[in-house]
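Numbering follows full-length UniProt numbering, with no gaps: position 46 of the sequence shown is 46. To keep things clear, I will list the structure first and then write my remarks on it.
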Amino acid sequence: MKQTKKRTFTCGLDAAIAVMGGKWKGLILFALQDGALRFGELRRAVPGISERVLILQLREMETSGLLHREMYHQVPPKVEYSLTEFGHSLNSAMAPLGEWGEEHFERIEAIPWDEVR
């Protein structure tokens, strides 16, 4: 039997970031907000993501319960990804952050990112 690693979190924000961590998961969640998408559709909806990274992110998101992977047994095989209730709730929680980003878009774009990193 596989031993599962248990994490402890310092606060709710720590726990939320652990589930959605990184740049890509938020963009994938956003892309799926209006309904199920196939892999190719997701890849086009999230510009800049490599196929390998998208596969890894989708697996992590499925494991954490953010999305559901539906496989249709047909030729050619068809797989669709959709948000679970847990994924929709995270999307709702992230909406104000997205609004903040929109509100401060110009200021954020003007940040000298090469000096920040």
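Glycine included, each C-beta is placed from N, C-alpha and C at the ideal position.
Straight-line Cα distance separating residue j from residue i
i	j	result
R107	G98	14 Å
G87	G101	20 Å
F9	A15	6 Å
A36	E115	39 Å
L13	R44	30 Å
R69	T63	10 Å
Q74	G21	34 Å
P76	T4	35 Å
D34	C11	30 Å
E85	E103	28 Å
E60	P96	24 Å
P112	I17	25 Å
E51	E109	27 Å
Beta carbon of residue i nearer than 8 Å to that of residue j
i	j	result
L54	V46	yes
L90	V19	yes
V79	F105	no
L66	L42	no
L32	Y72	no
Assigned exposure category for residue i - 16 Cβ within 10 Å defines buried
i	result
K6	exposed
Beta-carbon contacts of residue i that lie in its chain and below 8 Å, excluding the five residues immediately before and after
i	result
W24	V46, I49, V53, L54 and Q57
G26	M20 and M94
Residue i CB to nearest heavy atom of the ligand SAH below 7 Å
i	result
E109	The ligand SAH is not among the ligands present in this structure, which contains no ligands whatsoever.
C-beta neighbour in chain D for residue i, strict 8 Å
i	result
L66	The structure shown contains no chain D; it holds only a single protein chain.
| message | What ranges does the beta strand (DSSP E) occupy inside the UniProt domain "HTH hxlR-type" (11-109), keeping only unbroken runs of at least 3 residues that lie completely in it? | response | 67-72 and 78-83
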